[in-house]
Structure formats: structure tokens, C-alpha cells
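A.B. asks:
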Amino acid sequence: MLLSVFKLENEPTPKIQIATAELNNKTLQIVGEKTWYNANFFEWFNDGTGIVFIGKANLSETMQIWHLSFPSGELRQISSDTSDYASLSVSADGNTIVATKVDVISSIWSFLPNTKELRQLTGESRTLVGGRGISQTPDGKILYSKKTGKEINIFAMDENGGNEKQLTAENGFNFEPISTSDNRFIVFSSNRDNAYSVWKMNTDGSNAVRLTKPENAMDGQLQVTGDSRNVVFARQKSDGGKSNLMKVSIDGGKAEPLLPESKSSDLFSQISPDGNQLAYHTFEVDGGISNFKSSVKIVGLNKMNIEKSSKEIELSLDHNFKWSPGGNSLTYINKLGTDNLWSVSLDDKKEKQITEFNSGNITNFAWSRNGKKLFIVRGIVNSDLILIKDTGKFS
Numbered sequence: 138m139l140l141s142v143f144k145l146e147n148e149p150t151p152k153i154q155i156a157t158a159e160l161n162n163k164t165l166q167i168v169g170e171k172t173w174y175n176a177n178f179f180e181w182f183n184d185g186t187g188i189v190f191i192g193k194a195n196l197s198e199t200m201q202i203w204h205l206s207f208p209s210g211e212l213r214q215i216s217s218d219t220s221d222y223a224s225l226s227v228s229a230d231g232n233t234i235v236a237t238k239v240d241v242i243s244s245i246w247s248f249l250p251n252t253k254e255l256r257q258l259t260g261e262s263r264t265l266v267g268g269r270g271i272s273q274t275p276d277g278k279i280l281y282s283k284k285t286g287k288e289i290n291i292f293a294m295d296e297n298g299g300n301e302k303q304l305t306a307e308n309g310f311n312f313e314p315i316s317t318s319d320n321r322f323i324v325f326s327s328n329r330d331n332a333y334s335v336w337k338m339n340t341d342g343s344n345a346v347r348l349t350k351p352e353n354a355m356d357g358q359l360q361v362t363g364d365s366r367n368v369v370f371a372r373q374k375s376d377g378g379k380s381n382l383m384k385v386s387i388d389g390g391k392a393e394p395l396l397p398e399s400k401s402s403d404l405f406s407q408i409s410p411d412g413n414q415l416a417y418h419t420f421e422v423d424g425g426i427s428n429f430k431s432s433v434k435i436v437g438l439n440k441m442n443i444e445k446s447s448k449e450i451e452l453s454l455d456h457n458f459k460w461s462p463g464g465n466s467l468t469y470i471n472k473l474g475t476d477n478l479w480s481v482s483l484d485d486k487k488e489k490q491i492t493e494f495n496s497g498n499i500t501n502f503a504w505s506r507n508g509k510k511l512f513i514v515r516g517i518v519n520s521d522l523i524l525i526k527d528t529g530k531f532s
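Here my numbering runs 137 ahead of the position in the sequence shown, where the first position is 1.
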């Protein structure tokens, strides 16, 4: 018997259920009624009476250890921590679990590439500060996401890290904040109406207005055009299928595809500083199975119309890349060894190291509006090996 997970369709947010698959007749049997945002590291007990695994029901929760009886589907939570669990294994007699518990401690820093000046702007915390979005407004404020209780909210602070102000509250998950160039609105992604949609609000956080209404899909990965008139975003089907780049007016209305129809799945778009080019990840979707082709495509933009002449660059870039100042290269996180920021030229593909960190990791970053400074979200992962014993075999 094989344990399996599958995504639920017609759900506003990605959800999965746990099921067993009979290898002989290839039938599926759902185990338990609970749905999950994430679930992994499944371990069967040797006698087949149940499993233990790591999972969480919602984005804002931490990954905890659970026991699921089979075939009854009775569920019991084994751990209850503010930390995440990253892996586990079960002893042969089923009485002992060895698990890895991790804490992610992050903070926001500023870095001047010309002088190598590095400055910490926020204190270290477990709030995943900046991990789900960081950018700068035209008047110099830093916008960023931060976990508050069971929510993710948007905050603003001065360029030097002072005068923090919370802009959203009591409305679920709000992230990926980005300001329009005219500094009239902040555009962001939110699930406050039970679907991940594109929203806008005034710069003080007031008057939030929904711009898109996806059906069985999620809208995110936002960009605003240089003229402040349109929002570019990725629409991902809730079942994990093909994603498309879309555009919608800053005033709302019908969202439309940005690119011509194709077999490719397109996401993680970035508009160049001059607004004349669009870079994005693209990969083919064949028969419902995604075969990832690590490539970045660059297309010309002319008043939100895609120019016919475009070039495709074969680059093994992390999805978190940004245009460098000047628009002649892309900045990305190089995770070979210690995380550092590098740039790659679009002309000759030559790479250049920007930061020289010798510890920690980078979870997000953004260039300042004037292109002279980087805002970097740095993190430290602390891990501990945990031994959990239960004379009742966790049942």
C-alpha cells in the first residue's frame, strides 16, 4: 500500500488531503477529513495501524508532528511548538520519534554595493519579516510583510529602520506589497475574501479595494507598470496546473492575459526599471506533469503590449530574481555555499558577486528606487534534534 497526497480542486487556496493507494487495483482511499496546506515526511508504523508525519493546515501555522490512525482516520497532534519541524523518523517498535526542529530568525538589512556598507534595520525575530515581500515606495518608505499571530500583515518603516507602522490588520494573509510610481496606492496580494486576489489600498493602509476575482485560482507575484496604470501578476490554478501572466487596471475591471496563449507555464515576472522590458520564468506543461525548463525569457513592453521580438536566456536562476539598476543585468540569490547576491549580464551572461556574506541565508531582497542600495532579508536557521517517546506507540 502506498501513501499519497493530492491537491483539492475548486479550493480558493491550495489544500491537500492524505490518501492511501492500493498498488494492486490502483484505488485511492482518503484517510481522515482534515485538509492541509502542507504535509510531508510520512512514516508508517510497521504494523500498518497508522502514520506519523509533519504538516500544517494553514500558511500561518508552524509545521508540527501529527499521528493519523489507519484506517479510521483519527487524528492526533503530537507536537505543539512555535518552531517548525523539518524531518522525522520512527523507531522499529513505534515507540520513539526522532525529529528535527528548526527556528528561522530573520531581519532586514541595507547594503551599499559601492562602499560595502552593511547596516541592520530591524531586530532579529521569528516573524518571517520581509520573507513574503519587500519593496520601497517613491518617498523612501520600506514596505514589507511580517507575521503577526496567525496573520501575515503589511508594514512600512523609514529607510533607516525607524517609525514602523502596521498598514493591514485582522484580514488574513496580506503580502507582496508594492507601491505605484505616483505613490498613490500600495498594491498587494490578500486572501481576505477567501481567495488570493490582487488588492490596492491608500499609502496609509486605508480604503482597501479588490482588483481581481479569480475563480479556482490564486493571484500573486505582483508588479506595477511604470505609469502606475496596470498591475501584472501570475494566476495559478488552485489544482497546481498551468499558470499565466495576467494584467489588470489599477482601477479594477476584467483581468486579461498578458502573453499570447501557449503551452508554457509563466510566472515570477519582473518589469525593468525603464518599464520597457519584462523578464519572467517559463516552463512547459505536458500532460498535466510539469517538466521544468530553467529559463528566463525577456520580452519588450510597449504600453502593456508585448513586442514580437523577444529573447530567451537559458539561466539556472532562483525564482527570486530582480532587475539590476540600469536594466542590463539581473540580480539573483546564489545558494551555492553561503547565500549571496550575484548579478548576471543579459549581454554576455557574465556573473558578478555583489555581497560577500560568510554566514546565514537570504530569503528576499529588493533594490532601492534610486538603484544605489539593496534591502536584504537575512535569516539564520537554528536546528535541534528532538527525541519523543511514547509507551503507547503514539496511538
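C-beta: ideal position from N, C-alpha, C; glycine also.
1) On the criterion of 16 or more Cβ atoms from any shown chain inside 10 Å, does glycine 516 qualify as buried, or is it exposed?
2) Is proline 410 closer than 7 Å to glycine 342 when the C-beta atoms are compared?
3) For proline 394, list the residues DSSP reports as bridge partners.
4) Are threonine 349 and valine 361 touching if we call contact CB-CB under 7 Å?
5) In chain order, what residues of the same chain lie with their CB nearer than 7 Å to the CB of glycine 560, ignoring the 5 residues before and after it?
6) Would the beta-carbon of lysine 171 fall within 7 Å of that of leucine 212?
7) Contact between the region 198-211 and the region 166-180 is defined here as three or more beta-carbon pairs at a separation below 8 Å; is this criterion met?
8) Quick one: what's lysine 400 bridged to in DSSP?
9) Strictly by DSSP, which residues pair up with glycine 192?
10) The beta strand (DSSP E) that contains leucine 467, what's its start and end?
11) Whose C-beta lies closer than 8 Å to the C-beta of threonine 274 among residues of the same chain, with five residues either side of it excluded?
12) Is proline 351 helix, strand or coil when you go by DSSP?
13) With which residues is threonine 233 paired in a DSSP beta bridge?
14) When DSSP builds the beta bridges, which residues end up paired with alanine 534?
15) In the DSSP output, which residue or residues are listed as bridge partners for glutamine 273?
16) Cutting at 7 Å between CB atoms, please list the residues of its own chain near isoleucine 426, excluding the five before and the five after it.
17) From the DSSP output, read off the bridge partner residues of lysine 302.
18) What is the DSSP secondary structure of leucine 265, reduced to helix, strand or coil?
19) Assuming serine 482 is part of the beta strand (DSSP E), what are its boundary residues?
20) Is lysine 238 buried or exposed, if buried means 16 or more other CB atoms sit within 10 Å of its CB?
21) In whole angstroms, what is the alpha-carbon distance linking glycine 576 and threonine 500?
22) With a floor of 3 residues, list each beta strand (DSSP E) that falls wholly inside the region 481-510, ordered by position along the chain.
23) Looking only at DSSP bridge pairs, what is arginine 256 linked to?
24) From glutamine 214 to isoleucine 191, what does the alpha carbon distance come to, in whole angstroms?
25) State the Cα-Cα distance for the pair alanine 503 and alanine 156, rounded to the nearest angstrom.
26) Taking C-beta to C-beta, are alanine 354 and arginine 372 nearer than 7 Å?
27) Who are the near neighbours of threonine 305 in its chain, counting only those whose CB is closer than 7 Å to its CB and skipping five residues on each side?
28) Which partner residues does methionine 441 have in the DSSP bridge list?
29) What whole-angstrom Cβ distance do proline 314 and alanine 332 have, given they're in contact under 8 Å?
30) Out of curiosity, what's the CA-to-CA distance linking glutamine 257 and isoleucine 188?
31) Helix, strand or coil: which one does DSSP assign to asparagine 367?
32) With 16 other CB atoms within 10 Å as the buried threshold, where does alanine 176 fall?
33) Bridge partners of glutamine 214, per DSSP?
34) Taking the beta strand (DSSP E) that alanine 223 falls in, what are its first and last residues?
35) Taking asparagine 495 and threonine 468 to be in contact with their CB atoms under 8 Å, please state how far apart those CB atoms are, rounded to whole angstroms.
C.D. replies: This is what the structure holds:
1) The Cβ neighbour count for glycine 516, taken over all protein chains shown within 10 Å, is at least 16; the residue is labelled buried.
2) With respect to proline 410, glycine 342 sits apart: the two C-beta atoms are not nearer than 7 Å.
3) Met383
4) At the C-beta level, threonine 349 and valine 361 stay beyond 7 Å of one another.
5) Summary: the structure shown does not reach residue 560, with the chain confined to residues 138 through 532, and so no result is reported for it.
6) The answer is yes: Cβ separation under 7 Å.
7) yes
8) The secondary-structure analysis by DSSP pairs lysine 400 with nothing; it has no beta-bridge partner.
9) Ala176, Gln201
10) 466-471
11) Excluding residues within five positions, the ones whose Cβ falls inside 8 Å are Leu280, Ala293, Ser316, Asn320, Ile323, Thr340, Arg506.
12) coil
13) Lys526
14) Coverage of the chain is limited to positions 138 through 532, which leaves residue 534 absent and any answer about it impossible.
15) Beta-bridge pairing links glutamine 273 to Ile279.
16) For isoleucine 426, the predicted structure reports a pLDDT of 44, less than 50, and the residue's modelled location is therefore unreliable. The matter cannot be settled from this model.
17) For lysine 302, the pairing in a beta bridge is given by DSSP as Ala293.
18) coil
19) 477-482
20) Counting Cβ neighbours within 10 Å, lysine 238 comes out buried, since at least 16 surround it.
21) The shown model of the chain, from 138 to 532, leaves out residue 576, and the question about it has no answer.
22) 488-490, 498-504
23) Ser247
24) 10 Å
25) 41 Å
26) yes
27) Here threonine 305 has Asn290, Ile291, Asn311, Gly342 as same chain residues with Cβ atoms under 7 Å from its own Cβ, once five neighbours each way along the sequence are excluded.
28) DSSP lists no partner for methionine 441.
29) Between alanine 332 and proline 314 the Cβ distance is about 18 Å, and since that is not below 8 Å, they are no contact.
30) 44 Å
31) strand
32) buried
33) Trp203
34) 221-227
35) At roughly 20 Å, the Cβ-Cβ gap does not stay under 8 Å, so asparagine 495 and threonine 468 are not in contact.
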